[in-house]
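Novice: Sending over a structure as structure tokens; questions will come in a sec.
Residue numbers (my numbering): 1 to 373.
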């Protein structure tokens, strides 16, 4: 069901009464402009399709209106008949400010606008034909018939408050005050107007005002969702920024702690540039040193095993110098010489150091250096 909502002069909504959004809900509404805000002309038009006619209307109407064409909106409310070179059609002229005011207020109040027209376009166009009843009395005078015909072809009128709506037989119309009725309709017989339901054919929403889905309308209809969305984005942005600051602080703190641990583990390192890379290098170096220790130990153990009188009393390994020291316990100095010969045969450099004797055992310090050739 399409509702009709009549506006005040200038396209403003009536101040009194219930809000249209409450009265009509989401049902379609036809906005009816005050008749004084709209002028309707009957104009000869070229034989063009309706969509092209809408584009040339400003040029056709330029000399018929007062004021700048750019300030007015033109709507074809009665298309010309087809298959004729030039045919008269009805053109409604409305100031853009009036139409913009009506549509903006409708948008603000959440009205589902089905169309926009004016008051007198909702009156039926009076018929040209003679609606007088043919009398069976042959004595009826010619003057009586002419009078009846005149009454049938006069304008249709209807009272609207302290004004009168008029619709002429050519489709044009106007709204005049009661005080001007006698002057405008002087000597003209009128008919009681018949109201017709609104239809898209008499709607002014054409051309730049044709129904569409403008971005502004979407923003208005979904303003709550938009506000919520932007609020969530703002909160998310603030949270992300705060979390980023926390992560940077945590990274700096962890870097400081890592450098402290690294310096404690490797006090010989004077400068720390990349703690991760330097720690990996040190770990790899320590792993290599461990391999050397195991290698030296295996060769020394094999050399000790060559004699029953040899034994290891102590073992010391210096990874930095790459030296491996042992304290060899033996009975004779010849046993120590055989041990040194076995190490050299295995590819290691070996050198004897201090010796001491405790009872029957001799303790000699031997330094092993170098890697297998």
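Note that beta-carbon positions come from the ideal geometry of N, C-alpha and C, so glycine has one too.
Within its chain, find whatever has a CB closer than 6 Å to the CB of residue 75; leave out the 5 residues flanking it on each side and keep chain order.
Specialist: Along the chain shown, one-based indexing puts residue 75 at 75. 92, 204 and 206.
Novice: Tell me the DSSP secondary structure of residue 64 in three-state form.
Specialist: The residue you call residue 64 lines up with position 64 of the chain shown. Three-state result, residue 64: coil.
Novice: In the DSSP assignment, find the beta strand (DSSP E) that holds residue 268 and state where it starts and stops.
Specialist: What you label residue 268 is simply residue 268 of the chain shown in a count that begins at 1. Looking at the DSSP string, residue 268 is not in any beta strand (DSSP E), and its letter there is neither H nor E.
Novice: Tell me the rounded alpha-carbon separation between residue 371 and residue 347.
Specialist: The count along the chain shown starts at 1 and reaches residue 371 at position 371. The count along the chain shown starts at 1 and reaches residue 347 at position 347. Residue placement at residue 371 is flagged as unreliable, the pLDDT there being 49, under the threshold of 50; a coordinate-derived value is accordingly withheld.
Novice: Could you name each continuous beta strand (DSSP E) segment of 3 residues or more that falls completely within the region 290-339, going from the start of the chain to the end?
Specialist: 311-318 and 323-330
Novice: With which residues is residue 365 paired in a DSSP beta bridge?
Specialist: By 1-based counting over the chain shown, the position of residue 365 is 365. Note: residue 365 sits in a beta bridge opposite 327.
Novice: If you drop the 5 nearest sequence neighbours on each side, which residues of the same chain put their C-beta closer than 6 Å to that of residue 163?
Specialist: Residue numbering aside, residue 163 sits at position 163 when the chain shown is read from its first letter. Correct list, in chain order: 175 and 177.
Novice: Leaving out five residues before and five after residue 202 in sequence, what residues of the same chain have Cβ atoms less than 6 Å from its Cβ?
Specialist: Translated into positions along the chain shown, residue 202 becomes position 202. For residue 202, where only same-chain residues beyond five positions count, the Cβ hits under 6 Å are 77, 117 and 121.
Novice: Between residue 123 and residue 193, how many whole angstroms is the CB-CB distance? I'm expecting something under 8 Å.
Specialist: One-based indexing of the chain shown puts residue 123 at position 123. One-based indexing of the chain shown puts residue 193 at position 193. Right, the Cβ-Cβ distance comes to about 4 Å (below 8 Å), so this counts as a contact.
Novice: Quick check on DSSP: helix, strand or coil for residue 184?
Specialist: Looking up residue 184 in the chain shown gives position 184. Residue state, collapsed to three classes: helix.
Novice: Per the DSSP calculation, residue 167 is bridged to which residue(s)?
Specialist: Sequence index remark: in the chain shown, residue 167 carries index 167 (1-based). According to DSSP, which records beta bridges pairwise, residue 167 is partnered with 156 and 173.
Novice: On the CB-based measure, 16 or more other CB atoms within 10 Å of its CB, does residue 329 come out buried or exposed?
Specialist: The sequence position of residue 329 within the chain shown is 329, counting from 1. Classification for residue 329: buried.
Novice: Check whether the region 37-55 and the region 105-115 touch, using three or more Cβ-Cβ pairs below 8 Å as the test.
Specialist: Contact between the region 37-55 and the region 105-115 is absent, because fewer than three Cβ pairs lie under 8 Å.
Novice: Residue 364: which of 349, 171 and 315 sits nearest, CA to CA?
Specialist: The residue labelled residue 364 in the question sits at position 364 within the chain shown. Scanning 349, 171 and 315 for the CA closest to the CA of residue 364 turns up 315.
Novice: Could you tell me which residues DSSP puts in a beta bridge with residue 356?
Specialist: Counted from its first residue, the chain shown places residue 356 at position 356. Per DSSP, 363.
Novice: At 3 residues or longer, what runs of the beta strand (DSSP E) sit wholly inside the region 14-73?
Specialist: 28-33 and 38-46
Novice: Please tell me whether residue 362 and residue 333 are closer than 9 Å, where the distance is taken between their beta carbons.
Specialist: Taking the chain shown and counting its residues from 1, the one referred to as residue 362 is at position 362. Taking the chain shown and counting its residues from 1, the one referred to as residue 333 is at position 333. Yes, these two residues count as a Cβ contact at 9 Å.
Novice: Where does the unbroken beta strand (DSSP E) through residue 114 begin, and where does it stop?
Specialist: Counting from one through the chain shown, the residue named residue 114 turns up at place 114. Residue 114 -> beta strand (DSSP E) spans 112-118.
Novice: Express the C-alpha separation of residue 265 and residue 301 in angstroms, rounding to a whole number.
Specialist: Stepping through the chain shown from its first residue, residue 301 is reached at position 301. Stepping through the chain shown from its first residue, residue 265 is reached at position 265. Going by the C-alpha atoms only, they are around 31 Å apart.
Novice: Since residue 180 and residue 173 are thought to touch, with beta carbons under 8 Å apart, how far apart are those beta carbons, to the nearest angstrom?
Specialist: To locate residue 180, count along the chain shown from 1; it is residue 180. To locate residue 173, count along the chain shown from 1; it is residue 173. Going by Cβ atoms, the distance from residue 180 to residue 173 rounds to 15 Å, so no, they are not a contact pair.
Novice: Does the Cβ of residue 35 have 16 or more other Cβ atoms within 10 Å, making it buried, or fewer, making it exposed?
Specialist: Reading the chain shown from its first residue, position 35 is the one you call residue 35. Looking at its Cβ environment, which holds 16 or more other Cβ atoms inside 10 Å, residue 35 is buried.
Novice: Mind checking whether residue 105 and residue 13 have CB atoms under 9 Å apart?
Specialist: The residue labelled residue 105 in the question sits at position 105 within the chain shown. The residue labelled residue 13 in the question sits at position 13 within the chain shown. At a Cβ-Cβ threshold of 9 Å, residue 105 and residue 13 count as neighbours.
Novice: Take residue 16 and list the residues in its own chain whose beta-carbon comes closer than 7 Å to its own, dropping the five residues that flank it on each side.
Specialist: The sequence position of residue 16 within the chain shown is 16, counting from 1. Hits under 7 Å: none found.
Novice: Residue 435 bridges to which residues according to DSSP?
Specialist: With the chain running from 1 to 373 in the structure shown, residue 435 is simply not present.
Novice: Would you kindly work out how many angstroms separate the C-alpha atoms of residue 197 and residue 225, rounded to a whole number?
Specialist: Locating residue 197 in the chain shown gives position 197, where the first residue counts as 1. Locating residue 225 in the chain shown gives position 225, where the first residue counts as 1. In a straight line, the C-alpha of residue 197 is about 37 Å away from that of residue 225.
Novice: Let me make sure I understand the geometry here. Which of 295, 191, 261 and 102 has the alpha-carbon closest to that of residue 159?
Specialist: Along the chain shown, read from residue 1 onward, the residue named residue 159 stands at position 159. Of the listed residues, the one whose Cα sits closest to residue 159 is 191.
Novice: If you draw a straight line from the alpha carbon of residue 168 to that of residue 208, how long is it in whole angstroms?
Specialist: Within the chain shown, the letter at position 168 stands for residue 168. Within the chain shown, the letter at position 208 stands for residue 208. Using only the alpha carbons, I get a separation of about 29 Å.
Novice: Counting C-beta neighbours from all protein chains within 10 Å, is the total for residue 59 16 or more, i.e. buried, or is it exposed?
Specialist: The residue given as residue 59 occupies position 59 in the chain shown. Residue 59 should be labelled exposed.
Novice: Assign residue 39 to buried or exposed, taking buried as 16 or more other Cβ atoms, counted over all protein chains shown, within 10 Å of its Cβ.
Specialist: Taking the chain shown and counting its residues from 1, the one referred to as residue 39 is at position 39. With 16 or more Cβ atoms within 10 Å of its Cβ, residue 39 is classed as buried.
Novice: What are the boundary residues of the alpha helix (DSSP H) that residue 12 is part of?
Specialist: Here residue 12 is taken as the residue at index 12 of the chain shown, counted from 1. No alpha helix (DSSP H) contains residue 12, which DSSP labels as neither H nor E.
Novice: Among the residues of its own chain, which have a CB less than 7 Å from the CB of residue 62, if the five just before and after it don't count?
Specialist: Here residue 62 corresponds to residue number 62 of the chain shown, with the count starting at 1. Taking residue 62 as the centre and dropping the five residues before and after it, the same chain places the C-beta of 69 closer than 7 Å to its C-beta, in chain order.
Novice: I'd like to confirm the pairing. Which residues does DSSP put opposite residue 223 in its beta bridges?
Specialist: Taking the first residue of the chain shown as position 1, residue 223 is located at position 223. None; residue 223 has no bridge partner.
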